[in-house]
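Peer 1: All residue numbers for the sequence shown refer to this note's numbering, where the first residue is 3 and numbers rise by one.
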Amino acid sequence: MVAELLSRIAAGNGHGEESAYFDGWKAYENDPFHPANNPTGVIQMGLAENQLSFDLVKEWILKNPGASICTAEGIEQFQDIAIFQDYHGLPAFRNAVASFMERVRGNKVTFDPDRIVMSGGATGAHELMAFCLANPGEAFLVPTPYYPGFDRDLRWRTGVELVPVECHSSNNFKVTRKSLEEAYNKAQEDNIIVEGVLITNPSNPLGTVLDRETLSSILAFTNEKNIHLVCDEIYGATVFGYPNFVSIAEIMLEQDHNPDLIHIVYSLSKDLGFPGFRVGIVYSYNDKVVNVARKMSSFGLVSAQTQLLIASMLSDEEFVEKFLVESSKRLETRHNLFTWGLNQVGIKCLKSNAGLFVWMNLRPLIEQDLTMEGELALWRVIINEVKINVSPGCSFHCHEPGWFRVCIANMDDETMEVALKRIRTFAAQKVAKPKSSGAAKRKCWQSNLQLRISSRRLEDLMGVSSQHGSPHSPMSPLVRAQT
Ligand SMILES: Cc1ncc(COP(=O)(O)O)c(C=O)c1O
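1. Using only the heavy atoms of ligand 1, determine whether one of them is closer than 8 Å to the beta carbon of V267.
2. Which partner residues of D234 appear in the DSSP bridge assignment?
3. Output the boundary residues of the alpha helix (DSSP H) element that contains R407.
4. If A356 and G209 are in contact, beta carbons under 8 Å, what's the gap, nearest whole angstrom?
5. Give me the Cβ distance between L310 and A74, rounded to the nearest whole Å; I'm assuming they're in contact under 8 Å.
6. Relative to ligand 1, is the shortest distance from any of its heavy atoms to the C-beta of D25 smaller than 8 Å?
7. Got a sec, what are the start and stop residues for the alpha helix (DSSP H) P93 sits in?
8. Please list, following the chain, all residues that have a C-beta closer than 6 Å to any non-hydrogen atom of ligand 1.
9. Count the other C-beta atoms from every protein chain shown that fall within 10 angstroms of the C-beta of R332, then say buried if there are 16 or more, exposed otherwise.
10. State the Cα-Cα distance for the pair M464 and T112, rounded to the nearest angstrom.
11. Is Q452 buried or exposed, if buried means 16 or more other CB atoms sit within 10 Å of its CB?
12. Let me know the secondary structure DSSP gives S171 once reduced to three states.
13. Let's test the definition: count the other Cβ atoms within 10 Å of the Cβ of D88 and tell me whether it reaches 16, buried, or not, exposed.
14. Would you call the stretch 124-131 and the stretch 96-110 in contact, with 3 or more CB pairs under 8 Å?
15. Determine contact between the stretch 358-374 and the stretch 276-286, defined as no fewer than three beta-carbon pairs at a distance below 8 Å.
16. State the CB to CB distance for the pair L156 and L164, rounded to an integer number of angstroms; the pair is presumed to be in contact (CB under 8 Å).
17. Relative to the C-alpha of N246, which residue among L380, L316, L344 and R214 is closest?
18. Note down the Cα distance separating N15 from D153, rounded to an integer number of angstroms.
19. In angstroms with no decimal places, state the Cα-to-Cα distance between R426 and G243.
20. Reducing DSSP to helix, strand and coil, say where Q370 ends up.
21. Out of curiosity, what's the CA-to-CA distance linking A13 and R159?
22. Whole beta strand (DSSP E) runs in the stretch 331-391 with 3 or more residues, listed along the chain?
23. Can you grab the Cα-Cα spacing for the pair L54 / E226, in whole Å?
24. Cα-Cα, which of I253, Q257, L274 and G282 is closest to V267?
25. Pull up the DSSP beta-bridge partners for Y285, would you.
26. Strictly by DSSP, which residues pair up with L164?
27. Using the C-alpha atoms, what's the distance from K176 back to V211?
28. Hey, out of S218, L358, E197 and A222, whose CA is closest to I1's CA?
29. Name the residue from D116, E168 and P67 whose alpha carbon lies nearest to the alpha carbon of E402.
30. Assign V291 to one of three DSSP states: helix, strand, or coil.
31. How many angstroms separate the CA atom of F340 from the CA atom of R10?
32. Going along the chain, which residues of its own chain have a beta-carbon closer than 8 Å to the beta-carbon of I194, five neighbours each way excluded?
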C-alpha cells in the first residue's frame, strides 16, 4: 500500500475551491477589467468589499500619523508595540472595539471589553466557535442561502458539519420555526448531533435584516433545544434604511434565555471595509468559551500594530460618527442606482436595506428548465459573454434556481455603470432574440420580464442613468477600483 504523503485534511477539498463561487474569481483573475488597459475584461462583482468610503479613512490617517507607528510621529511607541504579544489584546483596542460595536447597534446594548476575543477576521472567529462548541461530526443548522465561506470556515479543519435550513422566496427567505424544526428533525434522523444554529444578520447574500420576531423565535428555539446560537453580525453597519438592524444582544435583554448559549461573531472587514487587517472578534456570553477561545486565539491574533491603529481610529468618536453616517448613505445611493438600473429592464432584486450586494432574480432569463443546471448554464454565459463575475445562488445553498448575488460596493461609479450597462444590454438582447424557443415562449418571456418596450425604447435602455434621470447621481470620491 502506498502511504499518503499528505494528511486527509490537506489532500481533501475542504477548502471548497472546486466551486462556481471560486471559479468566478478565477475567471476574473485571468482577464480582469481595467477601464483603459482591458475594457472588455471581467468585472469583479463576486467580492463583498466595502470600498465606498476610503477617502474618509485616508483623511483620518493623514491627520493622525502617529497611529501607524512606522512614522516619525509614532516612532516612540514602535518598540513597545513590536514586542507586544499578549493574547488578551491591547486594552485600548478592546475598549474601542466594544464601544464601536455598541455604536453600530445604536447604543442600545453594552459590550464588556473583557469578553472580546481576537481572531483572524470573522473567518478565524467562525472556526474558533466551531472548535469550542462542537465535536467532529456534530453540526450547526444554517439557514439558506448562506455565505459559501462557512463550508470552509466551520467545517474544513474542525470536522464539524453544517445542516441547511431551507428558506424560500415565497416569504422573502425568512427563517421560520417550522424550517428550523424540520432541519433539526432531519439531522436527528440522520444521527447527527446538532450543537447550534448559525445565523447571519444582516444576511449575506440577501442584504436583509432579521426582524425582532424572527430573532425572538430563533432564540426561543435554541434555548428550548439547549443548543448554541452563533450570530454573525459583521454587516451590522451596512444597514442603510428601515427596518433598523437589531442585534441578538438587544433581544437578549427582552427574553428569557441561557446566556451561556449565545455568541456573536464580528469583524471590521465589512463595516469599516478593512478585510486586509484581519480584525475578527468572538464575543461570547459564556465565561468558559471566552476563556478557552482566548487560549486558542493564539493561532490567529490581530497584529499589535493593527490593534493600535484601530484603537486610535475607533476612539475618535467624531470620525466614527461621520464614517458610519456617510458610509451607509453611500451604500444606499449605490444600491438605489443599481437596482433602479436593473428594474428598468425588468430585472428584480429581493427588497433589501443592508449589505454590500443585491440578490438578483434572473429566473426569467433561464432558457433551460428551472433547475440548478439551468442556473449554472446562465451563470456561464454571464461570466464568459457578459464578462461579469456574479455568484450563482447554488453556491449559497439556495434551494431555488435563478438567484444571483451581485456585489456592488467594491468598485468605483464608472465601473459600476459599465457593469450595469452590460447586464442591461444582455437582458434586453435576451428579450429581443430568445435563442431556443418559439413565438409562444418569446411572449411568455416578455411578460415575465415586464418588458413591453418598443425597439426605440430598447435602444434608450442601453444607455445608463444619465439619459433617464437616475434616482441619485452620487459624486463618489472613490479612487478607481484596482484592475
Ligand atoms: C457572513 C460572512 N461571515 C464571515 C465572512 C468572513 O469575513 P472576514 O474577512 O472578516 O474573515 C464573510 C466574508 O465575506 C461573510 O460574508
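The C-beta atom is built at its ideal place from N, Cα and C for all residues, glycine as well.
Peer 2: Let me spell this out:
1. yes
2. T202 and V267
3. Taken as a continuous stretch (DSSP letters only), R407 belongs to no alpha helix (DSSP H), being part of the beta strand (DSSP E) at W405 to C409.
4. 5 Å
5. In fact, because the Cβ distance is near 16 Å, the residues do not count as touching under 8 Å.
6. no
7. P93 to V106
8. A50, G123, A124, T125, Y149, G151, T202, N206, D234, I236, S269, S271, P277 and G282
9. buried
10. Here M464 scores only 37 on pLDDT, less than 50, and its place in the model is too uncertain to base an answer on.
11. Only weak support is given to the placement of Q452: the predicted model assigns it a pLDDT of 34, under 50, and the value that follows is read from those uncertain coordinates. Looking at its Cβ environment, which holds fewer than 16 other Cβ atoms inside 10 Å, Q452 is exposed.
12. helix
13. exposed
14. no
15. no
16. 6 Å
17. R214
18. 11 Å
19. 26 Å
20. coil
21. 12 Å
22. 359-363
23. 42 Å
24. G282
25. I118 and I266
26. F142
27. 10 Å
28. Look at the range of the chain in this structure, 3 to 485, and you will see that residue 1 is not part of it.
29. E168
30. helix
31. 44 Å
32. G139, E140, A141, E163 and V165
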